[in-house]
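Numbering (the numbering used here), first residue to last: 98 to 737.
Cβ coordinates follow ideal geometry from the N, Cα and C atoms, glycine included.
All values derive from a computational prediction rather than experimental measurement.
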């Protein structure tokens, strides 16, 4: 995502036509390389990319990546789409011996260095698939990293979609929000692992990667909470697809593939099929400089960079992605990039996830020559989304139609296969025991990062405000991940770990009520009266059919109307809300500082403030909210 050499976005038709021509030449050059057997073979290499969040002292996203990277001055660190995201690229290693331990050592070194730089800016590093404390207000373009490519991609994708992005998900809770840019993508971070394969084995191992995506994800989920809602065990899967979905709603009767996709079918022959599909099914969004002639280079015995093909491939987000690169020996190579695994919960858990995946690639590859003869593609795809929704509790359709729970499949069949796969690569026996032991304990205890978050959320249900609970879970996750104790052994989050009131009442959105009742201006006044009695409130917001705030009904206005109606002989049900509501009431936004909201409330003759975002009613704060806060703070002070 970090290539700065971008010409322009999708509205420059001439540049994109020229780029497409270069893209087709790159594809032809790739075919020539395959025909000439020019690829690096006979060696297996692995690699990884670590994504993480930067958070401030209040556990909220911190837009500080440029300052952090500047302090490190190390090419291993690069930006991502948001200024509160950071990526670290690990060096490739030959897959044998102590490679896993050496990868973990480098990962820890990079994380420690990044954490020191974050601390120097007053911030912290957090490894988690979705940051629980992230809010929609953090996703404005002002927090996009100032890299031309990100803005070009956003313009191109938004233009292609033609309307706002919609995020609709349902788990224990439900979410239905709109956003006007691809910045929602920044809510996701992952631990991406790479596996080098020879061209003649690419189809076998790519299909295998598709099959094992479900069980490896089920064992690794760490993305439960989004905007305070408990959704999928790996909400990141659905969120990423919806956050960059360029399909216009006008195409809902036509089969159009999303840019984030599991795929449509098995690979039958070679990697070329995936690149052909990427060109044929996904519009070119951005163009970049490609000054080489790839065909001429191939004919002269040299390896081309294939910059156009790689750039376009970088805008097609397959969960298992084919990658082309050039090895240190100057020969081209092919890799399978696993984008399924989330960031966190700890570096050790991440390395265990990677070891499990690498082991399954080789172990099942030794057991089954062609997985497509034992499983339909639709079952592999269905398994993947079942694992994302339900984690270890997912029911999967395994080889030859066998129905099995993910937890049982992993313990009974897949861990032994992964063990054998790692052993066949001559991976150090102590390392196999270390990493697969982490997976075994996690699955036996049924405690992934998501299950820990879910149990912590439940344990905190009657403690603090919603913001305090999310802060506590985030703070506890950060504290435990730096201890590098596997998530299977984590104690539940405690409310005091979130840092107390100072971190939780800074802005209105941290304590506003989001579960409230409303009326419309055409409703009868008796409905408003009953709502006040049932809900024990003194103000009812009035909204229209699109949730736009149009007024506010107070208890005093209601009493005056009842008295006037009685004098005139009018039944309360015949009096419309529009006659008594105050139009255009004073309101605040979720980002309004709490002290400012208190000041407004003091000056207002209402005891309630509607909270509005983009013209729509999203919350309510009342004098009672502040009374509860004051009571909590007083209790804390009296206990000191």
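Distance CB(residue i)-CB(residue j) smaller than 8 Å
i: residue 284; j: residue 228; result: yes
i: residue 419; j: residue 368; result: yes
i: residue 485; j: residue 335; result: yes
i: residue 688; j: residue 234; result: yes
i: residue 290; j: residue 451; result: yes
i: residue 333; j: residue 439; result: yes
i: residue 585; j: residue 538; result: yes
i: residue 488; j: residue 318; result: yes
i: residue 251; j: residue 279; result: yes
i: residue 129; j: residue 392; result: yes
i: residue 364; j: residue 304; result: yes
i: residue 648; j: residue 629; result: no
i: residue 738; j: residue 567; result: The structure shown does not extend to residue 738, since the chain is modelled only from 98 to 737, so the question has no answer here.
i: residue 137; j: residue 424; result: yes
i: residue 232; j: residue 606; result: yes
i: residue 578; j: residue 411; result: no
i: residue 523; j: residue 194; result: yes
i: residue 692; j: residue 698; result: no
i: residue 354; j: residue 327; result: no
i: residue 315; j: residue 491; result: yes
i: residue 150; j: residue 196; result: no
i: residue 694; j: residue 704; result: no
i: residue 337; j: residue 447; result: no
i: residue 474; j: residue 373; result: no
Residue burial classification, residue i (beta-carbon count within 10 angstroms, cutoff 16)
i: residue 360; result: buried
i: residue 102; result: Any reading at residue 102 must be qualified, since the residue scores a pLDDT of 44, below 50, and its modelled position is unreliable; the value itself is stated next. That one is exposed.
i: residue 398; result: exposed
i: residue 348; result: Legend: pLDDT at residue 348 = 49, less than 50; position of this residue unreliable, value from coordinates given subsequently. The residue in question, residue 348, is exposed, as its Cβ has fewer than 16 Cβ neighbours within 10 Å.
i: residue 432; result: buried
i: residue 133; result: exposed
i: residue 627; result: exposed
i: residue 281; result: buried
i: residue 604; result: buried
i: residue 110; result: exposed
i: residue 528; result: buried
i: residue 152; result: buried
i: residue 430; result: buried
i: residue 467; result: exposed
i: residue 191; result: exposed
i: residue 666; result: exposed
i: residue 560; result: exposed
i: residue 113; result: buried
i: residue 738; result: Given that the chain is displayed from residue 98 to residue 737, the structure contains no residue 738 and the question cannot be resolved.
i: residue 265; result: exposed
i: residue 296; result: buried
i: residue 142; result: buried
i: residue 507; result: buried
Contact belief for residue i with residue j at Cβ below 8 Å, rounded distance in angstroms
i: residue 496; j: residue 458; result: Contact flag wrong, Cβ pair sits at about 16 Å.
i: residue 547; j: residue 330; result: 4 Å
i: residue 612; j: residue 198; result: That belief does not hold up - the Cβ atoms of residue 612 and residue 198 are roughly 49 Å apart, past 8 Å.
i: residue 449; j: residue 532; result: 4 Å
i: residue 595; j: residue 574; result: 11 Å between Cβ atoms; not a contact.
i: residue 570; j: residue 590; result: 5 Å
i: residue 211; j: residue 238; result: About 25 Å; that fails the 8 Å criterion.
i: residue 516; j: residue 456; result: 6 Å
i: residue 311; j: residue 493; result: 6 Å
i: residue 161; j: residue 180; result: 7 Å
i: residue 708; j: residue 685; result: 6 Å
Chain B within 8 Å of residue i, Cβ atoms only
i: residue 567; result: The displayed structure is made up of one protein chain only, and chain B is not part of it.
>> My parser needs the alpha helix (DSSP H) runs of 4 or more residues fully inside the segment 644-685; what are they?
In response: 652-665
> How about the segment 142-160 and the segment 184-199: do they share at least three Cβ pairs that are nearer than 8 Å?
Replying inline: yes
>> Suppose only complete runs of 4+ residues qualify. What are the alpha helix (DSSP H) ranges in the segment 313-342, listed by chain order?
In response: 332-340
> How do the segment 629-638 and the segment 259-266 stand: do at least 3 beta-carbon pairs fall below 8 Å, yes or no?
Replying inline: no
> Can you find at least 3 beta carbon pairs, one from the segment 617-625 and one from the segment 667-681, that sit closer than 8 Å?
Replying inline: yes
> Does the pairing of the segment 241-252 with the segment 264-276 give three or more beta-carbon distances under 8 Å?
Replying inline: no
>> I want to know whether the segment 386-393 touches the segment 119-130 - three or more CB-CB distances under 8 Å.
In response: yes
>> Using a Cβ distance threshold of 8 Å, determine whether the segment 205-219 contacts the segment 160-168, with at least three qualifying pairs required.
In response: yes
>> With a threshold of 8 Å, are at least 3 pairs of Cβ atoms found where one atom belongs to the segment 641-650 and the other to the segment 708-721?
In response: yes
> Quick one: any contact between the segment 566-586 and the segment 527-541, if contact means 3 or more CB pairs under 8 Å?
Replying inline: yes
> Counting pairs of Cβ atoms below 8 Å between the segment 402-419 and the segment 122-141, do you hit three or more?
Replying inline: yes
> Considering only residues of the segment 428-499, which uninterrupted beta strand (DSSP E) runs meet the minimum length of 3 residues and lie entirely inside it, listed in chain order?
Replying inline: 429-435 and 492-494
> Whole alpha helix (DSSP H) runs in the segment 210-247 with 4 or more residues, listed along the chain?
Replying inline: none
>> Suppose only complete runs of 3+ residues qualify. What are the beta strand (DSSP E) ranges in the segment 157-191, listed by chain order?
In response: 174-176 and 182-186
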